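Under our numbering, read the sequence shown as residues 53 to 320, first letter to last.
Structure record follows, encoded as structure tokens.
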Amino acid sequence: MPTGQQAARAPRFVLICVAIGLLGGFMSGLFGVGGGTIIVPMLVLLLGFDQRRAAGTSLAAIVPIAVVGVVSYALHGSVAWIPALILAAGAVVGAQIGTWLLARLPQHVLRWCFVGFLVVVIAMLFVVIPSRDAGLPLTPLSITGLVVLGLITGVVAGLLGVGGGIVVVPALIIVFGTSDLIAKGTSLLMMIPTAISGTFGNMRRGNVDLPAAAVIGVAACTTTALGAWVATLLDPFWANVVFAAYLVYIGYQMAQKAIADRRKGRGA
């Protein structure tokens with residue numbers, strides 16, 4: 053199956069990238085994630101990208117997606133600006149660590165890390181149902197926690213090609229007691245410098261397909277605001293249920309591919 057630059061101008065390649073972007077943008081706005089949980093597995097499963105290139109391409113596409121998402125949530129007053137900058141400070145450093153690891157870990161390890169990551173997120177979604185009235189106050193303890201959370205998120209973003217939202221959103225809700233809408237808006241703002249930092253690291257290592265990232269990112273921008281609007285209408289519990297169901301499906305697909313590649317001796 054053609055991948056990367058070789059297929060960048062093929063109509064089928066472009067149409068699939070557009071479809072991935074439309075779905076990723078909607079999910080990004082709805083759940084406050086960068087869309088990497090959709091973009092990475094879809095690039096692997098539908099276009100035959102290897103895990104490293106899919107992760108790097110996804111992170112590049114997340115930049116415009118996050119910008120549109122932040123504007124959408126800001127219009128509803130659901131962005132904690134200072135906490136987002138604190139998160140970003142740790143995440144920018146973490147993203148460089150993640151992209152360094154990305155170039156060194158075997159692909160089957162990356163796939164299983166991604167599956168394990170999704171399992172943790174699914175469990176977290178059902179621990180606490182968020183309140184729409186909770187804010188994100190700053191104290192010495194919370195500031196320290198935000199820096200640490202940002203660092204961990206950056207490593208995950210650079211390593212797995214996700215914007216970090218599926219780490220930050222549950223953590224802000226569960227650990228910091230934040231409203232789900234504020235958690236989503238703040239997460240998207242934090243992703244912008246994180247994704248930019250990680251993308252530069254991936255470009256230096258040749259792990260980004262820029263044509264694919266551009267098509268996906270532009271397509272996603274057309275549906276991100278719609279997803280953010282739907283998020284304000286959807287009950288927090290049912291939003292978690294839908295998201296968890298989707299992640300179960302993606303995790304299953306990625307696990308199947310990791311097992312198949314391992315059996316064929318292509319997991320290294």
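Glycine included, every Cβ here is placed at the ideal spot set by N, Cα and C.
This structure is a prediction, so every number in the text was calculated from the model and none was measured.
As assigned by DSSP and simplified to three states, the class of residue i
i	result
Y301	helix
R104	helix
N254	helix
S130	coil
N292	helix
T274	coil
S231	coil
F178	coil
G86	coil
A97	Reading off the sequence shown, one finds Leu at residue 97, where the question assumed Ala. Looking at L97 - three-state DSSP - the assignment turns out to be helix.
V260	coil
D313	helix
L285	helix
A62	coil
Residue environment, residue i, which counts as buried when at least 16 other CB atoms sit within 10 Å
i	result
G316	What sits at residue 316 in the sequence shown is Lys, not Gly. K316 is exposed by the Cβ-count criterion.
Y125	buried
F101	buried
P93	buried
F65	buried
L179	Sequence inspection shows Val at residue 179; the Leu mentioned does not correspond to that position. Burial call: exposed.
A297	exposed
I134	exposed
D261	buried
V300	exposed
Residue-chain proximity (residue i, chain C), Cβ-Cβ < 8 Å
i	result
G100	Protein chain content of the structure displayed is limited to a single chain, and chain C is not contained in it.
Touch test, the segment 110 to 124 against the segment 207 to 226, Cβ-Cβ under 8 Å, three pairs minimum: Flag = yes, the segment 110 to 124 and the segment 207 to 226 touch.
Contiguous alpha helix (DSSP H) assignments of at least 4 residues, all confined to the segment 119 to 174: 133 to 154
Unbroken stretches of the alpha helix (DSSP H), 4 residues or longer, contained in the segment 186 to 228: 192 to 212, 217 to 226
Touching by the beta-carbon criterion (3+ pairs, under 8 Å), the segment 156 to 167 and the segment 224 to 232: no
Any 3 or more C-beta pairs closer than 8 Å across the segment 240 to 248 and the segment 118 to 138: Enough Cβ pairs lie closer than 8 Å, so yes.
The segment 288 to 295 touching the segment 141 to 160, judged by at least three CB pairs closer than 8 Å: no
Sufficient close CB pairs (3 or more, under 8 Å) joining the segment 272 to 279 to the segment 75 to 87: Inter-segment contact for the segment 272 to 279 and the segment 75 to 87 is present: three or more beta-carbon pairs are separated by less than 8 Å.
The segment 262 to 272 contacting the segment 128 to 139, beta-carbon criterion three pairs below 8 Å: Output reads no: the segment 128 to 139 does not touch the segment 262 to 272.
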